[in-house]
Amino acid sequence: MIKLLLNNCTSKRRVISIQTLYLFIIVMFLIMIVSLIIKIYEHFKLKKDIETLWSSRERLETKPEYYIHYHNYFVNIIENEHTEDRNIVDDETWNDLDIGRLLEKMNYTFTTIGTENLYAALRNAQEHNNIDEELLLKIKRDEEFRKDVSYRLAKLGRSGNSNTSKFMYEFMPVKKYNPLFILLSFMPIIGVLLFFINPYISLLLILGGFGLNAYFSHKHKGSTGLDYGDIFYAINIIVTAGNLNSRFNSKGLKRLSFISPLFVNDDSAGEMNMAVQIFAAFKLMFLIDYHLYHAAHGTLNKNYDLYKAGWRYTADLDMHYSLAMWREMLPYYTVPSAENTPLKTEGLYHPLVSDAVDNELNFTNDILLTGSNAAGKSTFMKALGVNVITSNGLNTSTSTVFNYTPGKVISSMEITDSVIEGDSYFISEVKSLKRIVDEIEEFDGTVYCIIDEIFKGTNTIERLAAGESFLRYLHEQENVNLIAATHDMELTDLLDGELDFYHFSETLIEDDIEFDYKIKDGIATSSNAIELLRLYGFPEAVYKKARIKVDENP
């Protein structure tokens, strides 16, 4: 009787175990079906979205990613290449000229490496201007080519804060591969095969295998850090390069292309969807990422030169698409003429200013700008600096004519005091201007130097003395093209006959001030600071006393 009961219990447990196995198989099958359906849906949605991107002048991704940075390629260039003779845009100039916002506006790339490449181009970090005008024209005119390239780049997509360009500069050391992990990967499968022989051992192997694999997957991923996502994205980059151009295919890389869908990192920006999460969990249970990681390392090390060329090819193609789209968005632009001549421009405007007023300039001598507040001095100088930078890096100027000598732009404009470093405004300004001196002494090429309101952090007497001396020093440097702005009209007397003078002006119309934002020859003859007090509603007594003081000292 007892034996019969035990047999019945055993039979019931076996039935429950079989039901559990069937349920597990059904759930896994459903997960695979759902993942496949999501993948197919995303494929057709991506195709449909790309159909209208160019005509609608839209980006594939519109949500801002303020926590994502795209400077890794630029940093790797600085650390691994000889950049002493390149026109590198430093951090202060980048911030002064608001190039970060310009990057956001012109960024129509599909991939992380495309944006990194665009960032490096705006930092003028490349050895040569590598813009291909024929490729830009092909992207613009050949719709089928454009859609095919867009789709392949969009499939590669983005991997937030990845650093795949580092693999172009060094071979990748990797920990020794442990073949015992092959056995761990097969433990759950062995467990399934043993189910009808011994369901208890079977379940133990299945659950134990999943647990151990998940543990070792997390441990290995933690020990490799960001390199884990980087190596997976790097494999997809070279596979994409091979799909775009067959010359980037090798036997080893071709084999990888068949399993490239496995190289998905669940931490990738823009990839946090259900299909990716389900697939990531599946890989975790079978320790798949460990084997992929080692296979990828070995393949990339064997194809080092091919990877380097493929990375740059893919990034350049993405950047060219972005540049072609940005050009389409501009009111007008020109391809600059880099003929080692003095800077001459016509129809120059600032690409970040809506309804911008255009200007022209023949930059044959150093310039001192004067003029009223808000009349356009700073915007004009920024437009000039931005156009030198975009001409250097992107072969594009927002003007009708831009003839110039390629060179480095360095500025001192948006000075602030530093609470963290304990610097006053004047100390910050001194440091900013000293960095210009250091740069000029170390750099042999042409320098475009832009200074706004020199030494305004100190008293009038010392400001004039230091300002005159410093501007004259810059004027005497043969490789410097200087443009500076000031409210100190005395500097025009002190530097008369050495610098050329231009100005911006305004027109007072009853209770309003109108600006034409046009640069004019000569020295400003009017100012508006006192009138602005009146227009902005200061007490009448304040305005009148100030007005009398100014009239007494014309």
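So the sequence shown is numbered by our numbering: it starts at 687 and just counts up by one.
By construction, the Cβ of each residue, glycine as well, lies at the ideal position given by its N, Cα and C atoms.
{"Check": "Bridge partners - serine 848, DSSP secondary structure assignment", "Outcome": "Its beta-bridge partners do not exist; DSSP assigns none."}
{"Check": "Cβ separation of serine 1213 and aspartate 1138, assumed to be a contact under 8 Å, to the nearest whole Å", "Outcome": "Not a contact, Cβ separation roughly 17 Å."}
{"Check": "Reduced DSSP secondary structure (H/G/I, E/B, other) of glutamate 1196", "Outcome": "coil"}
{"Check": "Own chain, CB closer than 6 Å to threonine 1146, minus 5 neighbours either side, in chain order", "Outcome": "none"}
{"Check": "Residue range of the beta strand (DSSP E) that includes isoleucine 923", "Outcome": "Looking at the DSSP string, isoleucine 923 is not in any beta strand (DSSP E); the run it does join, the alpha helix (DSSP H), is 913-930."}
{"Check": "Threonine 1000 versus leucine 930: straight-line alpha-carbon distance, rounded", "Outcome": "8 Å"}
{"Check": "Isoleucine 1136 beta carbon less than 8 Å from that of glycine 1071", "Outcome": "yes"}
{"Check": "Cβ neighbour criterion (16 or more within 10 Å) applied to leucine 823", "Outcome": "exposed"}
{"Check": "7 Å Cβ shell around threonine 1144 - same chain, five flanking residues per side excluded", "Outcome": "Phe1112"}
{"Check": "Rounded separation between tyrosine 919 and isoleucine 1209 - CA only", "Outcome": "57 Å"}
{"Check": "Which of helix, strand or coil DSSP assigns to glutamate 957", "Outcome": "Legend: pLDDT at glutamate 957 = 44, less than 50; position of this residue unreliable, value from coordinates given subsequently. Residue state, collapsed to three classes: coil."}
{"Check": "Terminal residues of the beta strand (DSSP E) in which phenylalanine 796 lies", "Outcome": "Element bounds for phenylalanine 796: n/a, residue is neither H nor E."}
{"Check": "Opening and closing residue of the beta strand (DSSP E) in which tyrosine 1222 lies", "Outcome": "Where tyrosine 1222 is concerned, there is no enclosing beta strand (DSSP E), given that its DSSP letter is neither H nor E."}
{"Check": "Histidine 762, DSSP secondary structure in three states", "Outcome": "One point to set straight first is that residue 762 is asparagine, not histidine, in the sequence displayed. Of the three classes helix, strand and coil, the one that applies to asparagine 762 here is helix, per DSSP."}
{"Check": "Environment of valine 835 [buried if 16+ CB atoms lie within 10 Å]", "Outcome": "buried"}
{"Check": "Boundaries (first-last residue) of the alpha helix (DSSP H) holding alanine 682", "Outcome": "Nothing can be reported for residue 682, as the shown portion of the chain is limited to 687 through 1240."}
{"Check": "Counterpart residues of aspartate 818 in DSSP-defined beta bridges", "Outcome": "Aspartate 818 pairs with nothing; no bridge assigned."}
{"Check": "Threonine 779 - DSSP class collapsed to helix/strand/coil", "Outcome": "helix"}
{"Check": "Threonine 1050 burial status per 10 Å Cβ neighbour count (16 or more: buried)", "Outcome": "exposed"}
{"Check": "Which listed residue (Ile974, Ala967, Ser1085, Arg838) has its alpha carbon closest to that of threonine 1020", "Outcome": "Ser1085"}
{"Check": "At least three beta-carbon pairs within less than 8 Å, the stretch 769-776 to the stretch 804-815", "Outcome": "yes"}
{"Check": "From Phe1129, Glu1100, Ile883, Ser1040, residue whose alpha carbon lies closest to that of valine 1116", "Outcome": "Glu1100"}
{"Check": "For phenylalanine 1201 and alanine 1061, the rounded distance between their alpha carbons", "Outcome": "6 Å"}
{"Check": "Expected contact under 8 Å - CB spacing of leucine 788 and proline 1037 to nearest Å", "Outcome": "6 Å"}
{"Check": "Top-ranked residue by Cα proximity to aspartate 1179, from Thr1193, Thr1082, Gly1153", "Outcome": "Gly1153"}
{"Check": "For valine 1133, the residue or residues it bridges with in DSSP", "Outcome": "Lys1094, Val1166"}
{"Check": "Cβ-Cβ distance between threonine 1056 and phenylalanine 1187 below 8 Å", "Outcome": "yes"}
{"Check": "Three-way DSSP call (helix, strand, coil) for phenylalanine 1251 in this model", "Outcome": "Residue 1251 lies beyond the range of the chain shown here (687 to 1240); nothing can be said about it."}
{"Check": "Cα-Cα separation, leucine 842 to phenylalanine 796", "Outcome": "8 Å"}
{"Check": "Beta carbon of glycine 846 nearer than 8 Å to that of isoleucine 754", "Outcome": "yes"}
{"Check": "Extent of the continuous alpha helix (DSSP H) run through threonine 677", "Outcome": "Residue numbering for the chain in the displayed model covers 687 to 1240; residue 677 lies beyond these limits and cannot be assessed."}
{"Check": "Candidates Ile883, Ile887, Ala1171: closest to methionine 873 by CA position", "Outcome": "Ile887"}
{"Check": "Assigned secondary structure, aspartate 991 (DSSP; H/G/I helix, E/B strand, else coil)", "Outcome": "helix"}
{"Check": "Limits of the unbroken alpha helix (DSSP H) element including glycine 1079", "Outcome": "1063-1080"}
{"Check": "Buried/exposed call for isoleucine 1140, threshold 16 Cβ in 10 Å", "Outcome": "buried"}
{"Check": "Whole-angstrom distance between valine 1133 and alanine 1096, CA atom to CA atom", "Outcome": "Here residue 1096 turns out to be isoleucine, not alanine, going by the sequence shown. Taking the straight line joining both Cα atoms gives about 7 Å."}
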